[in-house]
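Numbering (the numbering used here), first residue to last: 32 to 115.
Where a beta carbon is used, it is the ideal one built from N, C-alpha and C, also for glycine.
As the structure is a computational prediction, the values presented were derived from the model and not from experiment.
Just below is one structure, and these are the notes that go with it.
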(Lines of atoms letter the chains of each structure in order from A and count residues from 1; the text may use other names and numbers.)
(Lines give C-alpha, C1' and ligand atoms only; values in the text may rest on other atoms or scores of the structure.)
Protein backbone atom coordinates (compact mmCIF):
# COMPACT_ATOMS: atom_id res chain seq x y z
CA UNK A 1 0.00 0.00 0.00
CA UNK A 2 1.36 3.41 -0.97
CA UNK A 3 0.56 6.54 1.00
CA UNK A 4 0.63 9.99 -0.54
CA UNK A 5 1.23 12.87 1.82
CA UNK A 6 -0.98 15.80 0.91
CA UNK A 7 0.06 19.35 1.77
CA UNK A 8 -1.45 21.01 4.83
CA UNK A 9 -1.02 24.55 3.50
CA UNK A 10 -2.59 26.00 0.37
CA UNK A 11 -2.54 29.26 -1.58
CA UNK A 12 -6.02 30.01 -2.89
CA UNK A 13 -7.44 32.66 -5.20
CA UNK A 14 -11.20 32.87 -4.47
CA UNK A 15 -11.99 35.12 -7.46
CA UNK A 16 -10.25 32.73 -9.88
CA UNK A 17 -12.17 29.82 -8.35
CA UNK A 18 -15.47 31.66 -8.81
CA UNK A 19 -14.74 32.52 -12.44
CA UNK A 20 -13.25 29.22 -13.60
CA UNK A 21 -14.66 26.54 -11.32
CA UNK A 22 -17.65 27.96 -9.40
CA UNK A 23 -18.59 26.13 -6.22
CA UNK A 24 -21.21 23.46 -6.97
CA UNK A 25 -21.60 21.41 -3.79
CA UNK A 26 -22.36 22.53 -0.26
CA UNK A 27 -18.77 21.66 0.74
CA UNK A 28 -17.35 23.81 -2.06
CA UNK A 29 -19.61 26.72 -1.07
CA UNK A 30 -18.56 26.47 2.59
CA UNK A 31 -14.84 26.35 1.79
CA UNK A 32 -15.10 29.13 -0.79
CA UNK A 33 -17.03 31.31 1.66
CA UNK A 34 -14.33 30.89 4.32
CA UNK A 35 -11.62 31.73 1.79
CA UNK A 36 -13.50 34.86 0.66
CA UNK A 37 -13.91 36.00 4.26
CA UNK A 38 -10.19 35.50 4.87
CA UNK A 39 -9.34 37.39 1.67
CA UNK A 40 -11.49 40.34 2.78
CA UNK A 41 -10.04 40.36 6.31
CA UNK A 42 -6.47 40.09 5.01
CA UNK A 43 -7.20 42.54 2.18
CA UNK A 44 -5.57 40.16 -0.30
CA UNK A 45 -6.80 38.60 -3.53
CA UNK A 46 -4.83 35.42 -2.84
CA UNK A 47 -4.90 33.87 0.62
CA UNK A 48 -2.96 31.23 2.50
CA UNK A 49 -5.04 28.64 4.31
CA UNK A 50 -4.12 25.61 6.36
CA UNK A 51 -6.34 22.56 6.08
CA UNK A 52 -6.76 22.56 9.86
CA UNK A 53 -8.12 26.13 9.69
CA UNK A 54 -10.60 25.09 6.98
CA UNK A 55 -11.70 22.06 9.04
CA UNK A 56 -12.31 24.32 12.05
CA UNK A 57 -14.14 27.01 10.07
CA UNK A 58 -16.30 24.77 7.87
CA UNK A 59 -16.88 21.73 10.10
CA UNK A 60 -16.06 19.53 7.09
CA UNK A 61 -13.79 16.48 7.30
CA UNK A 62 -10.19 16.96 6.18
CA UNK A 63 -10.51 14.40 3.38
CA UNK A 64 -13.45 16.28 1.83
CA UNK A 65 -11.59 19.61 2.04
CA UNK A 66 -8.51 18.12 0.38
CA UNK A 67 -10.67 16.66 -2.39
CA UNK A 68 -12.16 20.10 -3.11
CA UNK A 69 -8.74 21.80 -2.99
CA UNK A 70 -7.32 19.26 -5.42
CA UNK A 71 -10.19 19.91 -7.87
CA UNK A 72 -9.54 23.63 -7.58
CA UNK A 73 -5.83 23.00 -8.10
CA UNK A 74 -6.64 21.31 -11.41
CA UNK A 75 -8.61 24.44 -12.37
CA UNK A 76 -5.74 26.77 -11.37
CA UNK A 77 -7.41 28.35 -8.34
CA UNK A 78 -5.51 26.65 -5.49
CA UNK A 79 -1.93 25.56 -5.08
CA UNK A 80 -0.10 23.64 -2.36
CA UNK A 81 2.21 25.91 -0.40
CA UNK A 82 5.86 25.09 -0.85
CA UNK A 83 8.17 24.97 2.15
CA UNK A 84 11.06 27.37 2.26
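Bridge partners - residue 46, DSSP secondary structure assignment: For residue 46, which the question treats as bridged, DSSP gives no partner whatsoever.
Exposed or buried, what is residue 61 when buried is set at 16 or more other beta-carbons lying within 10 Å of its beta-carbon? That one is buried.
With a Cβ-Cβ cutoff of 8 Å, do residue 85 and residue 71 count as a contact? No, Cβ-Cβ distance for residue 85 and residue 71 is not below 8 Å.
Are residue 109 and residue 97 closer than 8 Å when you measure CB to CB? No, the pair does not count as a contact, with Cβ atoms beyond the cut-off.
Which of helix, strand or coil DSSP assigns to residue 119: There is simply no residue 119 to check, as the chain begins at 32 and stops at 115 in what is shown.
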